[in-house]
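Chains as they are written, first to last, in UniProt numbering: chain A, 1 to 330; chain B, 1 to 330.
No residue lacks a Cβ here, since even glycine has one placed at the ideal position from N, Cα and C.
Working notes, structure below.
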DNA sequence: TTGTAGGCGTTATCAC
DNA sequence: GTGATAACGCCTACAA
């Protein structure tokens, strides 16, 4: 930076300002500095910047899994939105473990991040406290809650699951069951939504379900489906906790010689691209994952840039049921 | 850090040493420092550290896409391996654009990263030069090449595709076609492998193929399959550039009333979990994506920690054909 | 609009 | 094995 300053005959601080707050430097000087920066190939040192300003350009993102399609889409939204800005997304993988999450919160905070995005609303009390006291804005994503730490962008998993189950009942299925894997807090809420709908239809109905904490997969969906049918042959529809399971259930049903739709209704959750392309197409609940990443980051940046956010602290992205052949009894 | 030093009656530099190079500090002092660090909840400031040591704990990773399953798996391997170390993975999304990649290389380099991982071997000349001159170790992943920038962990896409196509021919399919989307350099090499096998079987054979630069998806696989069959009804097998396309082709074939295997052979690439769970199960070429991330990072860390790497600079992870019902003519 | 002085928290260097 | 001193490259605060 000193080189650039010498080149244009100004002081380093002026160069610094020309770079970060161009409006504070006169037109001509700004131009000459830009040229010199280009010529000398000067690139600011983020470490020095962070040390001096006591504030880094890091946006910390805490999610439970990198592979899970759901979070992959959120990440795509985040990276798309952060591209071109001066900020850097830094990922922390909590592996569905609130203790790991807490450690990561501490580590991230030690970097004085510009902002933080955390998945879910079930942080440990310590994490919550740390985040509340944090000097940077914080956005929780994926879910809705009454008491956000700061900002929140999500939707109600419970309502969405209730609507999906009501859809099964509306379509004439009498004995829908629930299939779930990787029962994290969001999965539990979906399960609760399923129960809501079943009980609303018949308060004394038995809840038929099969859940596991194993990570979900297509294969597991098939295995759970087979096992559930062996135990409860009367079921005529399944609401699956996510699309991988639904796809696996459909394959298993096909193997068993069932007609998808007439013999067995299948509904997934998230509406991955494959659901509409499958044969037959599978009913699912569309969620706005990429948008969640985009909007969360937009809000965060707005707050970082000092906007006295006039907007709501909570954004409900909702969801949309996508009825398809797999729940068409024909 | 000054607080910790005061607490144990030592100087800051000693605390610094106790943290980074414990063997340089006497047993007793080290213990007392550890206790004080714990008590005071001291966390080192990565920015100050990077500034003073002229070297950050960032491991830069440049990949073309965050959503693509293939890279998601590589990332999972990376994050798993980096977890627990003192290093931080920082992602750069090149969006399949070498110019963006070049910009990101410059930005990453300005952070004095501990190491760099880049996807592919088709960097721009400028990127290549920058990376060669970089002071940190560099690993290219995903592919094999004769002239790695530094280290390399990958496999031959061309060989893998050739083997897949030979498998189709061995199984008795006479007119295999190629379906490809998002024709990046690796896809092109797979296409070349397909052509190798076809020409080896019959030098005068016409190459039947349908490719597009659109991002791949299940739906697109179905559309390409239908279009290809309309133009060339004689085809009796398809080698798809990736598993999404293969799954879509299978759904489309089922819609058209074809028997998968007997009437039409289908082969994918990467062997995502869904392939073995599908109905019928789909033949694919298994690739070791997670392992690629793990090994790339292990090598990088070994070099960073100063091991005079006795190991090869190039690791060939190879691939494995997984024959299934979708290429069984019965 | 521009410049000066001082310090951000850590580590390299060189003594002891 | 331990400590004093001087950076590292930039920014905040204040002054001109």
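Given residue i, which residues of its chain have a CB within under 6 Å of its CB, disregarding the five upstream and five downstream residues?
i: residue 71 (chain B); result: 63 and 65
i: residue 160 (chain A); result: 285 and 319
i: residue 118 (chain A); result: 62 and 140
i: residue 88 (chain A); result: 57 and 58
i: residue 131 (chain A); result: 138 and 149
i: residue 197 (chain B); result: 162, 165 and 166
i: residue 42 (chain B); result: 4
i: residue 322 (chain B); result: 271, 284 and 286
i: residue 258 (chain A); result: 264
With a CB to CB cut of under 7 Å and the five nearest residues on each side skipped, what residues in its chain are close to residue i?
i: residue 86 (chain B); result: 57
i: residue 242 (chain A); result: 216, 268, 269 and 270
i: residue 174 (chain A); result: 236
i: residue 27 (chain B); result: none
i: residue 244 (chain B); result: 216, 217, 218 and 221
Provide the residue(s) that pair with residue i in DSSP beta bridges, ordered along the chain.
i: residue 101 (chain A); result: Answer by DSSP bridge pairing: none, since residue 101 (chain A) is not bridged.
i: residue 93 (chain A); result: A:63
i: residue 240 (chain A); result: A:179
i: residue 115 (chain A); result: A:59
i: residue 344 (chain B); result: The displayed coordinates of chain B run from 1 to 330. Any statement about residue 344 (chain B) would go beyond what the structure contains.
i: residue 209 (chain A); result: A:178
Hey, residue i and residue j: beta-carbon distance below 8 Å or not?
i: residue 111 (chain A); j: residue 44 (chain B); result: no
i: residue 246 (chain A); j: residue 218 (chain B); result: no
i: residue 25 (chain A); j: residue 153 (chain A); result: no
i: residue 114 (chain A); j: residue 304 (chain A); result: yes
i: residue 177 (chain A); j: residue 235 (chain A); result: yes
i: residue 171 (chain A); j: residue 54 (chain A); result: no
i: residue 105 (chain A); j: residue 127 (chain A); result: yes
i: residue 281 (chain A); j: residue 229 (chain A); result: no
i: residue 157 (chain A); j: residue 255 (chain B); result: no
i: residue 169 (chain B); j: residue 145 (chain B); result: no
i: residue 116 (chain B); j: residue 60 (chain B); result: yes
i: residue 122 (chain A); j: residue 98 (chain A); result: yes
i: residue 120 (chain B); j: residue 151 (chain B); result: no
Could you tell me the distance, in whole angstroms, from the CA atom of residue i to the CA atom of residue j?
i: residue 179 (chain B); j: residue 318 (chain B); result: 22 Å
i: residue 78 (chain A); j: residue 288 (chain A); result: 13 Å
i: residue 17 (chain A); j: residue 125 (chain B); result: 33 Å
i: residue 38 (chain B); j: residue 4 (chain B); result: 10 Å
i: residue 312 (chain A); j: residue 306 (chain B); result: 51 Å
i: residue 185 (chain B); j: residue 216 (chain B); result: 15 Å
i: residue 20 (chain A); j: residue 68 (chain B); result: 35 Å
i: residue 221 (chain A); j: residue 248 (chain A); result: 4 Å
i: residue 182 (chain A); j: residue 166 (chain A); result: 23 Å
i: residue 74 (chain B); j: residue 300 (chain B); result: 15 Å
i: residue 294 (chain A); j: residue 204 (chain A); result: 43 Å
i: residue 84 (chain B); j: residue 290 (chain B); result: 18 Å
i: residue 103 (chain A); j: residue 223 (chain B); result: 47 Å
i: residue 40 (chain B); j: residue 50 (chain B); result: 22 Å
i: residue 92 (chain A); j: residue 81 (chain B); result: 13 Å
i: residue 133 (chain B); j: residue 109 (chain B); result: 10 Å
i: residue 208 (chain B); j: residue 326 (chain B); result: 20 Å
i: residue 11 (chain B); j: residue 135 (chain A); result: 30 Å
i: residue 7 (chain B); j: residue 96 (chain B); result: 53 Å
i: residue 22 (chain A); j: residue 31 (chain A); result: 10 Å
i: residue 232 (chain A); j: residue 273 (chain A); result: 31 Å
i: residue 188 (chain A); j: residue 206 (chain B); result: 55 Å
i: residue 9 (chain B); j: residue 52 (chain B); result: 23 Å
i: residue 107 (chain B); j: residue 90 (chain B); result: 12 Å
i: residue 76 (chain B); j: residue 36 (chain B); result: 35 Å
i: residue 212 (chain A); j: residue 155 (chain A); result: 24 Å
i: residue 283 (chain B); j: residue 199 (chain B); result: 22 Å
i: residue 129 (chain B); j: residue 292 (chain B); result: 24 Å
i: residue 298 (chain A); j: residue 147 (chain A); result: 21 Å
So, at 8 Å on beta carbons, what are the nonlocal neighbours of residue i in its own chain, with the 5 sequence-adjacent residues on each side left out?
i: residue 14 (chain A); result: 5, 25, 29 and 33
i: residue 261 (chain A); result: 280, 325, 326, 327, 328, 329 and 330
i: residue 226 (chain B); result: 252 and 256
i: residue 214 (chain A); result: 181, 182 and 220
i: residue 191 (chain B); result: 161, 178, 180, 183, 209, 211 and 241
i: residue 238 (chain B); result: 176, 177, 178, 179, 225, 228, 246, 249, 264, 265, 266 and 267
i: residue 1 (chain B); result: 12, 15, 16, 42 and 44
Complete runs of the beta strand (DSSP E) confined to the region 253-329 of chain B [at least 3 residues] = 265-267, 284-287, 314-316 and 319-322
Please specify which runs of the beta strand (DSSP E), each continuous and at least 3 residues long, are wholly inside the region 124-174 of chain A, giving them in chain order.
-> The region 124-174 of chain A contains these whole beta strand (DSSP E) runs: 138-143 and 151-155.
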